[in-house]
Amino acid sequence: MAQKPSIPKGTRDFNSEQVAKRNYIITTIREEFQLFGFNPIETPSFENSQTLMGKYGDEGDRLIFKILNSGDYLSKVDSSILNDKNSSELTSKISEKALRYDLTVPFARYVVQHQNDIDLPFKRYQIQPVWRADRPQKGRFREFFQCDADVVGSKSLWQEVEFIQLYDGVFNKLKLRGVTIKINNRKVLSGISEVIGAEDQLIDFTVALDKLDKIGEDKVKEEMLAKGISEHAIEKLQPLFDLSGSFEDQITGLRGLLKSSQIGLEGVEELEFINSAIANLNLQAAKLELDVTLARGLNYYTGAIFEVSAPDGVKMGSIGGGGRYDDLTGIFGLKDISGVGISFGLDRIYLVLEELELFPSSVVASTKILFINFGNQEAQFSLQVINRLRKAGISAELYPDTAKLKKQFNYADKRQIPFVGIVGDSEMASQKVTVKNMRTGNQATISIDEIVSLVQ
RNA sequence: GUGGUUGUAGCUCAGUUGGUUAGAGCGCCUGAUUGUGGUUCAGGAGGUCGUCGGUUCGAGACCGAUCUUCCACCCCA
Numbered sequence: 309m310a311q312k313p314s315i316p317k318g319t320r321d322f323n324s325e326q327v328a329k330r331n332y333i334i335t336t337i338r339e340e341f342q343l344f345g346f347n348p349i350e351t352p353s354f355e356n357s358q359t360l361m362g363k364y365g366d367e368g369d370r371l372i373f374k375i376l377n378s379g380d381y382l383s384k385v386d387s388s389i390l391n392d393k394n395s396s397e398l399t400s401k402i403s404e405k406a407l408r409y410d411l412t413v414p415f416a417r418y419v420v421q422h423q424n425d426i427d428l429p430f431k432r433y434q435i436q437p438v439w440r441a442d443r444p445q446k447g448r449f450r451e452f453f454q455c456d457a458d459v460v461g462s463k464s465l466w467q468e469v470e471f472i473q474l475y476d477g478v479f480n481k482l483k484l485r486g487v488t489i490k491i492n493n494r495k496v497l498s499g500i501s502e503v504i505g506a507e508d509q510l511i512d513f514t515v516a517l518d519k520l521d522k523i524g525e526d527k528v529k530e531e532m533l534a535k536g537i538s539e540h541a542i543e544k545l546q547p548l549f550d551l552s553g554s555f556e557d558q559i560t561g562l563r564g565l566l567k568s569s570q571i572g573l574e575g576v577e578e579l580e581f582i583n584s585a586i587a588n589l590n591l592q593a594a595k596l597e598l599d600v601t602l603a604r605g606l607n608y609y610t611g612a613i614f615e616v617s618a619p620d621g622v623k624m625g626s627i628g629g630g631g632r633y634d635d636l637t638g639i640f641g642l643k644d645i646s647g648v649g650i651s652f653g654l655d656r657i658y659l660v661l662e663e664l665e666l667f668p669s670s671v672v673a674s675t676k677i678l679f680i681n682f683g684n685q686e687a688q689f690s691l692q693v694i695n696r697l698r699k700a701g702i703s704a705e706l707y708p709d710t711a712k713l714k715k716q717f718n719y720a721d722k723r724q725i726p727f728v729g730i731v732g733d734s735e736m737a738s739q740k741v742t743v744k745n746m747r748t749g750n751q752a753t754i755s756i757d758e759i760v761s762l763v764q
């Protein structure tokens, strides 16, 4: 095993079965996207660093894969910068391109760049890999696929309602029941921080709050204190920790808590609108849950925030996320374009379907019939038969070598090819083929037309 | 990026306080069976023990570095 080749940490090879299963998920998502009126676009795997940097927060910047400039990239760099060993300053000098980190920011760039060619509201979907220089874990890769659907140019809350239905539609088709679509609203979070007098610490406050179900109330309070949020403010937060019950109950509680915050009440009303609309539309595979501790993508989300978690009992991070961003294109100079979108994490959905054994057995398509090779004359005859079968839409192949029968049959068996065609002197003379059913062991000598109906 | 963890045959894993020639099951190859796979039987191949360096008379085992795996943090799909 000397010097086995390898692939970088957090990347994977996919065998045929895995590709088939991935395609099954992708096809399902794509069909649903199209059913909902989204059209595909694609963007380059790498962007100008400027496009990506600063859009995901400091943590995000760290996780962006930077691409080294071509040529003698160090020669133009000021030696004082080199001596300073300031990585971030040096990076901007020696790297002007970076691998895309998600599909949302490139989409925003796309909208601004092609604003004269698109009709608003613009609905697009995009299924492409993204890269993050993260430390890998289970369900966490450095190269993975996102499947995004977004709408820009409409502030309507019906979009949020539609996206929830889209989530439900995809998971229903994948037979993945019991997923939870968690929803929150950035305005509610803003309102809370306003009410407790911690507007300036919104991010710290929400990041701590986000951990509530993981580390518990006391630890969250500890972290808030450590981040400089006053004890008085945390005391005011108590009604939030005590929030419980149904979506409607929590709405009522929030309304009381946020009665002095205009923006907070706005968020509550949005949540209420979405919930009542969904209640009238009946979800099939998913349930919608209000989770005021949900805080993601705060660097650009402004309204609804979504996160999808796998069914209970499956240990996996979120399998989807999304939200509304009122001014994402603003960063690129196009103001007042509101967008909202969701993302499916293909690689994690794969792991969940695998764990729950939800892949249909039919996803791996294989050859239907393999022809045994007895020699050149027989092979010639077999290929004529194979041609006719292929024209009839049946995938058929000839074993390429005149190997021992045991070996040829074994090959069919290993590849789970359901039928084997045997052509020898007597078959050629009668213009027929002996076909063996590998599962039952039965075999019969039949005409080519009969093969078509037998194998199909 | 921080702390921990893992690596032995194609796969899953044994391998005693450091001591001859590193094992098992499954898989693979050959034969029993030159027009018949899956079962059975007989035989066989395959490992510089992740990599590099160190300690030692002697290292799969101990130490260091590095890569990889998984976990916690961070963050996230």
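So the first sequence is numbered by the working numbering: it starts at 309 and just counts up by one. Glycine residues also receive a C-beta, built at the ideal position from the N, C-alpha and C atoms. In this text, all values refer to a predicted model and were calculated from it rather than measured experimentally.
Helix, strand or coil for residue i? Go by DSSP, reduced to three states.
i	result
V682	According to the sequence displayed, residue 682 carries Phe and not Val. If DSSP states are grouped into helix, strand and coil, F682 belongs with coil.
L596	strand
N794	The requested residue 794 does not occur in the structure, where the chain is confined to residues 309 to 764.
Y332	helix
L706	strand
I251	For residue 251 there is no data in the structure shown, the boundaries of the chain being 309 and 764.
E665	coil
Q423	coil
K744	strand
I372	coil
A752	strand
I639	helix
F322	coil
A563	The residue asked about is misnamed: residue 563 is Arg in this sequence, not Ala. Helix, per DSSP.
P444	coil
I645	coil
I759	helix
How long is the line joining the alpha carbons of residue i and residue j, rounded to whole angstroms?
i	j	result
S552	Q558	6 Å
L371	Q692	56 Å
D427	G701	41 Å
G362	L398	16 Å
V419	V743	57 Å
E662	V616	18 Å
G749	S669	21 Å
Q326	L474	25 Å
Y364	G729	59 Å
S703	L343	30 Å
F727	T675	9 Å
I613	V515	14 Å
What span of residues does the alpha helix (DSSP H) with residue i cover, start to end?
i	result
D458	Looking at the DSSP string, D458 is not in any alpha helix (DSSP H); the run it does join, the beta strand (DSSP E), is E451 to V460.
T399	S395 to I402
G628	No alpha helix (DSSP H) holds G628; the beta strand (DSSP E) holding it covers G628 to Y633.
N391	S387 to D392
E507	Note, E507: premise wrong, no alpha helix (DSSP H); not H, not E.
I523	L520 to I523
In the DSSP assignment, find the unbroken beta strand (DSSP E) run with residue i in it and report its ends.
i	result
L407	K405 to L407
N588	Premise fails: N588 is in no beta strand (DSSP E) and is neither H nor E.
A612	A612 to S617
R432	F430 to W439
N493	V487 to N493
I730	F727 to I730
F354	F354 to N356
Just to check my reading of the structure: residue i and residue j have Cβ atoms closer than 8 Å, yes? What is that Cβ distance to the nearest angstrom?
i	j	result
V385	R408	Contact doesn't hold; Cβ gap of about 25 Å is too wide.
S403	L360	Not confirmed; about 11 Å, so no contact.
E367	L465	With 8 Å as the limit, E367 and L465 do not qualify as a contact, their Cβ atoms being about 30 Å apart.
Label residue i either buried or exposed according to how many other C-beta atoms from any shown protein chain fall within 10 Å of its C-beta, with 16 as the threshold for buried.
i	result
D757	exposed
L411	buried
Q467	buried
P414	buried
D655	buried
R632	buried
A310	In this predicted model, A310 has a pLDDT of only 39, less than 50, meaning its place in the structure is not dependable; the value taken from the coordinates is given anyway. Classification of A310: exposed, given that the 10 Å Cβ count is below 16.
A737	exposed
Q724	exposed
Q716	buried
I759	buried
K495	buried
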